[in-house]
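Residue numbers (the numbering used here): 2 to 74.
A virtual CB, placed ideally from N, CA and C, is assigned to each residue, including glycine.
Here the structure is a predicted model, which means the values were calculated and not measured.
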Amino acid sequence: MSRSKIIAILTGAISILLAIAYLIVVQILDYRDMKPAPTGELTMPIATQMRFNNGGSQNLKQKSMFIIGETNI
2 MSRSKIIAIL TGAISILLAI AYLIVVQILD YRDMKPAPTG ELTMPIATQM RFNNGGSQNL
62 KQKSMFIIGE TNI
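Structural data, given as structure tokens:
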């Protein structure tokens with residue numbers, strides 16, 4: 002057998018093994034029967050803006066700061 006024929010057979014065998022592995026993975030994932038993901042532990046981020054005034058003068062620029070937290074849905 003020539004070297005190119007051995008490489009062709011080996012490549013075909015690897016291709017068939019990958020196809021079978023793909024079909025097995027698809028069957029395992031399809032086993033869930035399209036059930037939605039559990040939502041018990043999902044959190045939603047919340048952003049709040051806080052303003053700080055430097056000193057008591059109204060002429061000074063106010064600084065803003067965003068605080069990001071999480072809350073359960």
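Cα-Cα separation, residue i to residue j
i	j	result
Tyr32	Ser3	44 Å
Leu19	Thr12	11 Å
Asp34	Ile7	42 Å
Ile10	Pro37	42 Å
Pro39	Ala14	39 Å
Ser5	Ile21	24 Å
Ile25	Ser16	14 Å
Gly41	Ile29	24 Å
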